[in-house]
Amino acid sequence: MALLLFQRCLPRLSSRFSTQNVKYIATETSQSLRVKSHICCLSQCNKNTDLLNFDKISKSCCNHSQFIFTRKFHVSNCYYNEVVVVNTPSFADSISDGDVKLEKAVGDFVKEDDVVCEIETDKTSVPVPSPKSGIVEEYLVEDGQTVTAGTPLFKLKITDAPADSAPKSAPAAEAPSPTQQPTKAEAAPASSTSGPIPTTPPPASPLPKEPISTKPLDSIKPKSAPASQNVPLSGSRSETKVNMSRIRQRTAQRLKQAQNECAMLTTFNEIDMSNVIDLRKQYKDAFLKKFGLKLGFMSAFVKASAYALTDQPVVNAVIDNKEISYRDYIDISVAVSTPKGLVVPVIRSVEKMNYADIEKEIASLGEKARTGSLAIEDMEGGTFTISNGGVFGSLFGTPIINPPQSAILGMHAINDKPVAINGKVEIRPIMVVALTYDHRLIDGREAVTFLKKIKSAVEDPRVILLDI
1 MALLLFQRCL PRLSSRFSTQ NVKYIATETS QSLRVKSHIC CLSQCNKNTD
51 LLNFDKISKS CCNHSQFIFT RKFHVSNCYY NEVVVVNTPS FADSISDGDV
101 KLEKAVGDFV KEDDVVCEIE TDKTSVPVPS PKSGIVEEYL VEDGQTVTAG
151 TPLFKLKITD APADSAPKSA PAAEAPSPTQ QPTKAEAAPA SSTSGPIPTT
201 PPPASPLPKE PISTKPLDSI KPKSAPASQN VPLSGSRSET KVNMSRIRQR
251 TAQRLKQAQN ECAMLTTFNE IDMSNVIDLR KQYKDAFLKK FGLKLGFMSA
301 FVKASAYALT DQPVVNAVID NKEISYRDYI DISVAVSTPK GLVVPVIRSV
351 EKMNYADIEK EIASLGEKAR TGSLAIEDME GGTFTISNGG VFGSLFGTPI
401 INPPQSAILG MHAINDKPVA INGKVEIRPI MVVALTYDHR LIDGREAVTF
451 LKKIKSAVED PRVILLDI
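Structural data, given as structure tokens:
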């Protein structure tokens with residue numbers, strides 16, 4: 001497609017019109033050359049003008065205009081340094097607003113798709129990229145301000161990248177510094193060499209010795225307290241207050257909601273990790289070679305949880321007013337700690353996954369969590385949660401339910417412990433696991449049975465294959 005760039009000069013224009021920043025881009029079409037109404041600024045040409053008949057109106061409108069005429073081209077216009085307003089993007093249905101976090105300063109040049117600011121919502125941060133390359137001309141909101149979908153955020157002046165500044169001239173060669181004059185302190189030894197060298201002074205007479213006091217130590221008391229005792233202790237006792245992030249506020253709200261609404265009870269068990277550790281050592285290289293993923297312990301617990309949830313569907317259910325909602329799918333939320341707070345991305349349909357599928361999904365969601373690119377859809381709709389405090393060295397604890405779910409599994413650190421095996425004491429790697437459940441829905445028998453199912457599936461993964 002042929003392109004033609006031409007400039008139109010209109011000397012007789014009203015003072016309210018300007019063509020300094022206007023250029024016309026012509027593209028080849030089968031139509032005659034046409035111009036939008038605002039190009040011809042006089043009232044007589046306030047409509048689309050067929051330039052094939054341009055001479056008919058030139059006397060009354062643009063008789064002093066200069067125009068480069070070409071047939072069969074379609075004309076459009078664009079503006080240098082056009083300023084556009086970027087608005088807040090739309091949120092998911094469960095989110096109504098968010099707080100603005102400014103990432104760029106006014107006057108900064110940004111490329112297309114560079115993140116100019118972020119909207120921190122209750123669940124994640126929504127990046128707001130630049131639609132075009134340009135300069136951030138003005139922010140229309142303040143840092144930390146709460147905005148809703150469609151709120152204007154900033155003005156962007158569309159322009160190309162600024163030209164590189166001219167290379168700085170090489171610094172002039174430094175003039176040789178004048179010979180430094182000796183200072184007085186340096187000159188003193190030189191002058192002393194001209195005179196006679198002084199002899200060693202005679203030794204000083206010893207100081208007179210006082211007789212040693214023979215008074216008992218208890219009778220010797222200081223006349224006043226040491227000065228250091230009168231000096232107050234110094235140290236900083238200041239306090240610093242910072243605003244809670246939206247994620248932290250939402251986390252606090254949901255945890256308090258779980259505490260107020262659920263009848264939470266926790267049951268514990270111990271898992272011998274010997275077989276899982278041996279399995280990982282034996283197959284980790286082959287697993288990495290085939291799938292390009294590291295074989296970890298989390299996939300074993302996710303798969304074992306899906307196996308136990310299938311056996312005890314009430315743990316996968318939820319109370320809905322006066323009804324119990326049973327789900328025939330298993331979506332497991334995995335708690336991930338990030339610098340912005342705790343997030344729980346969801347692994348969907350775990351009951352249909354194998355170890356490789358689970359590890360791949362865990363790696364993908366973990367990378368999104370670390371880079372702050374988790375979407376709202378990645379964290380909605382879980383039916384069961386696994387929290388791994390063992391990565392931080394936790395011995396054991398009681399996790400809190402993630403509402404509206406009914407149970408959560410807590411993993412903890414692996415420690416060598418003496419255990420009785422076939423009447424003998426052996427040292428085995430043991431992990432304490434905890435299941436916190438809503439006692440309104442789940443009875444103790446079901447909770448203990450569920451946790452024992454996880455224990456058996458982790459200690460011997462073959463039970464999953466045999467479905468026993």
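Going by the UniProt record's numbering, the first residue of the sequence shown is number 1, and it counts up by one from there. The C-beta atom is built at its ideal place from N, Cα and C for all residues, glycine as well. None of these values were measured; they are calculated from a predicted model.
Query raised in the report: Measuring CB to CB, does Val433 end up less than 8 Å from Leu409?
Result: yes
**Report entry** Option nearest Asp143 by Cα separation, candidates Val136, Ile119, Leu365
**Finding:** Ile119
Requested in this report: Indicate the three-state DSSP secondary structure (helix, strand or coil) for Ala407 in the structure shown.
Outcome: strand
**Report entry** Where the alpha helix (DSSP H) through Lys455 begins and ends
**Finding:** That run of the alpha helix (DSSP H) goes 444-459.
Query raised in the report: Looking at C-beta atoms only, is the number of pairs between the segment 433-446 and the segment 254-266 that lie closer than 8 Å three or more?
Result: Touching, yes.
**Report entry** Whole-number beta carbon distance between Ala335 and Val346, since they are thought to touch under 8 Å
**Finding:** Not a contact, Cβ separation roughly 11 Å.
Query raised in the report: Can you list, in chain order, the stretches of the alpha helix (DSSP H) that have 4 or more residues and sit fully within the segment 296-374?
Result: 298-311, 355-371
Query raised in the report: Start and end of the alpha helix (DSSP H) containing Asp99?
Result: First-last for Asp99: 97-102, but that is the beta strand (DSSP E), not the alpha helix (DSSP H).
Query raised in the report: Looking only at its own chain, which residues have a Cβ that is under 7 Å from the Cβ of Asp378, when we skip the five neighbours before and after it?
Result: Pro345, Val346, Leu365, Lys368
Requested in this report: With a threshold of 16 other CB atoms inside 10 Å of the CB of Tyr329, please say whether the residue is buried or exposed.
Outcome: Exposed, because fewer than 16 other Cβ atoms sit within 10 Å of the Cβ of Tyr329.
Requested in this report: Please confirm whether Gly98 and Val141 have their CB atoms less than 8 Å apart.
Outcome: no
Query - Three-state secondary structure assigned by DSSP to Asn402 - result: In this structure, Asn402 counts as coil in the three-state DSSP scheme.
Requested in this report: Note the first and the last residue of the continuous alpha helix (DSSP H) segment covering Arg280.
Outcome: Membership of Arg280 in the alpha helix (DSSP H) is indicated by the continuous run 274-291.
Requested in this report: Determine the closest residue to Leu293 out of Ile362, Gln253, Arg237, Glu239, with distance taken between C-alpha atoms.
Outcome: Ile362
Query raised in the report: At which residues does the beta strand (DSSP E) containing Lys111 begin and terminate?
Result: No beta strand (DSSP E) holds Lys111; DSSP gives it neither H nor E.
Report task. Return the first residue and the last residue of the alpha helix (DSSP H) that Arg254 is part of. Result -> Unbroken alpha helix (DSSP H) run through Arg254: 246-261.
**Report entry** Nearest residue (CA-CA) to Ala304, options Glu351, Arg370, Met431
**Finding:** Glu351
Report task. Use the C-beta contact count for Leu466: other C-beta atoms within 10 angstroms, 16 or more gives buried, fewer gives exposed. Result -> exposed
Query raised in the report: Mapping DSSP to helix, strand and coil, what is Phe392?
Result: helix
Report task. Examine the ligand PLP and report whether any of its heavy atoms sits within less than 7 Å of the Cβ of Pro429. Result -> As presented, the structure is devoid of all ligands, the ligand PLP included, so that no description of it is given.
Requested in this report: State buried or exposed for Arg246, treating a residue as buried only when at least 16 other CB atoms are found within 10 Å of its CB.
Outcome: buried
Query raised in the report: From which residue to which residue does the beta strand (DSSP E) around Leu156 run?
Result: 152-158
**Report entry** For Arg462, the three-state DSSP class (helix, strand or coil)
**Finding:** helix
Report task. Determine contact between the segment 83-90 and the segment 148-160, defined as no fewer than three beta-carbon pairs at a distance below 8 Å. Result -> yes
Report task. With DSSP as the reference, label Asp143 as helix, strand or coil. Result -> coil
Query raised in the report: With 16 as the cutoff for other CB atoms within 10 Å, does Ser192 come out buried or exposed?
Result: The pLDDT assigned to Ser192 is 45, lower than 50, so where the model puts this residue is not dependable; a value taken from the coordinates is nonetheless given after this. Label assigned to Ser192: exposed.
Query raised in the report: With DSSP run on the structure shown, which of helix, strand or coil describes Glu377?
Result: The three-state reading of DSSP puts Glu377 in helix, counting H, G and I together.
Query raised in the report: DSSP on Ser387, reduced to helix/strand/coil?
Result: strand
Query raised in the report: Roughly how many angstroms separate the alpha carbons of Thr159 and Asp357, rounded to a whole number?
Result: A direct Cα-to-Cα measurement between Thr159 and Asp357 gives close to 45 Å.
Query - Integer Cβ distance of Asp272 from Arg428, believed to fall under 8 Å - result: The pair is a contact, with the Cβ atoms about 5 Å apart (cut-off 8 Å).
Requested in this report: State the beta-bridge partners of Thr148 as determined by DSSP.
Outcome: Asp97
Query raised in the report: From Leu395 to His412, what distance separates their C-alpha atoms?
Result: Taking the straight line joining both Cα atoms gives about 6 Å.
Query raised in the report: Sorted by chain position, which residues of the same chain lie with C-beta nearer than 8 Å to Lys111's C-beta, five sequence neighbours on each side aside?
Result: Ser130, Ser133, Ala161
Report task. Kindly indicate which residue of Ile386, Glu270, Gln312, Tyr307 has the alpha-carbon position closest to the one of Met353. Result -> Considering only alpha carbons, the answer is Tyr307.
Query raised in the report: CB-CB under 8 Å to Val315, same chain, minus the five flanking residues each way: which ones, in chain order?
Result: Ala308, Leu309, Phe384, Ser406, Ala407, Tyr437, Ile442, Glu446, Ala447, Phe450
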